[in-house]
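Enquirer: This is the structure, below, for whatever I ask next.
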Amino acid sequence: MPRSTRQTLIRFYDALFAAYGPQGWWPARSRTEIVVGAILTQNTNWRNVERAIANLRAARLLTWKALRDAPANKLARLIRPSGYFNIKARRLKCFVNWLWDRHRGNFEDLRRLPLGTLRAELLSVSGIGPETADSIILYALRKPTFVADAYTARLLRRHGLVNGGVRYDELKAVFEDHLPADERLFNQYHALIVAVGKKHCRPRARCDGCPLQRFEHDPRAC
DNA sequence: GACCAGGCACATC
DNA sequence: GATGTGCATGGT
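Read in order, the letters of the first sequence are residues 92 to 313 in the numbering used here.
Next up, the structure:
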């Protein structure tokens with residue numbers, strides 16, 4: 092008799108939390124830095140994102156106003172280590188321009204919006220897709236939306252909870268439909284998935300030592 | 001040198 | 001709606 096999805100998700104969470112403990116996400120010093128990091132990490136290794144963010148910090152550009160006033164080519168030069176630097180510089184400018192055009196440059200203002208409205212508004216910004224929007228909502232604005240990423244897809248696929256061609260919204264719905272809409276839970280859960288994913292759920296990674304190894308899984312499904 | 005990394009927009013069918 | 005492609009650096 093297969094366990095319910097809810098039970099499975101809770102068991103996974105408990106096993107990951109027991110193994111890794113609280114993650115304290117998002118790894119950033121400010122809300123501005125969270126948003127910048129969410130955009131820069133698109134399809135990119137986090138280590139390279141850290142280099143780019145360090146450059147922005149050294150240039151004192153990690154404030155909304157400084158980002159608004161900085162020319163895109165200057166941003167592009169500084170964020171070069173994160174890859175796709177021309178595109179990402181444009182995306183940073185798009186976000187900041189939207190923040191000023193629609194919300195007078197007041198990031199805190201976004202917290203007042205209902206979650207659905209907030210998400211739809213973020214998705215209307217060029218360069219903000221579903222995962223980036225959810226990262227901003229969950230980690231910078233502390234509202235309960237689940238962030239599904241490449242690690243999440245691999246994990247659920249490996250354990251047979253979703254099929255190969257699963258779409259983003261289906262992936263996050265697995266968590267949102269079976270768990271309480273708790274911001275702290277979603278925060279911790281996604282961070283734990285990244286923790287286990289970096290170690291055990293990427294190409295050529297091994298299951299040895301994985302906290303989820305004792306659960307039914309297919310190592311080839313990553 | 002190939003493959004990968006905490007995606008997204010756009011074109012095409 | 002599904003699929004393919006460009007964007008680009010740095011690590012393995």
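The C-beta atom is built at its ideal place from N, Cα and C for all residues, glycine as well.
#1: CA-CA distance, residue 92 and residue 245?
#2: Since I believe residue 114 is in contact with residue 231 (beta carbons under 8 angstroms), could you give me their beta-carbon distance rounded to a whole number of angstroms?
#3: Quick check: what's the CA-CA separation for residue 290 versus residue 284?
#4: So, for residue 183: in the same chain, excluding its five sequence neighbours on each side, which residues have a beta-carbon less than 7 angstroms away from its beta-carbon?
#5: Quick one: residues in its chain with C-beta nearer than 7 angstroms to the C-beta of residue 194, no 5 flanking neighbours on either side, listed in chain order?
#6: According to DSSP, simplified to helix, strand and coil, what is residue 119?
#7: On a CA-only basis, which of 301, 137, 173 and 218 is nearest residue 250? Give me that one, please.
#8: Between the Cα of residue 255 and the Cα atoms of 241, 153, 267 and 155, which residue gives the shortest distance?
#9: Could you name the residues of the same chain whose beta carbon sits closer than 7 angstroms to that of residue 161, not counting the 5 residues immediately before and after it, in chain order?
#10: If I measure Cβ to Cβ from residue 222 and keep anything under 6 angstroms in the same chain, skipping five residues before and after, which residues do I get?
#11: Examine the Cβ distances between the segment 129-145 and the segment 163-180 and report whether three or more of them are shorter than 8 angstroms.
#12: Do you know offhand how far residue 133's Cα is from residue 234's?
#13: Can you give me the start and stop residues for the alpha helix (DSSP H) that residue 198 sits inside?
#14: Starting from residue 265, trace the alpha helix (DSSP H) in both directions and tell me its first and last residue.
#15: Nearest to residue 135 by alpha carbon, out of 311, 175, 247 and 112?
Expert: Short version:
#1: In this predicted model, residue 92 has a pLDDT of only 46, less than 50, meaning its place in the structure is not dependable; the value taken from the coordinates is given anyway. Straight-line measurement puts the Cα of residue 245 at about 24 angstroms from the Cα of residue 92.
#2: Between residue 114 and residue 231 the Cβ distance is about 16 angstroms, and since that is not below 8 angstroms, they are no contact.
#3: Those two C-alpha atoms are separated by around 10 angstroms.
#4: Result list for residue 183: 127, 130, 158 and 166, in chain order.
#5: By the criterion of a C-beta distance shorter than 7 angstroms, residue 194 is surrounded in its chain by 200 and 201, once the five residues flanking it on both sides are discounted.
#6: Look at residue 119 here: in three-state DSSP terms it is coil, with no helix or strand label.
#7: Checking every option, the nearest Cα to that of residue 250 belongs to 301.
#8: Across the set 241, 153, 267 and 155, the C-alpha of 241 shows the shortest separation from the C-alpha of residue 255.
#9: Answer for residue 161: 152, listed in chain order.
#10: Hits under 6 angstroms: 240.
#11: A contact exists between the segment 129-145 and the segment 163-180.
#12: The C-alpha of residue 234 is placed about 21 angstroms away from the C-alpha of residue 133.
#13: No alpha helix (DSSP H) contains residue 198, which DSSP labels as neither H nor E.
#14: Residue 265 -> alpha helix (DSSP H) spans 259-267.
#15: Of the listed residues, the one whose Cα sits closest to residue 135 is 175.
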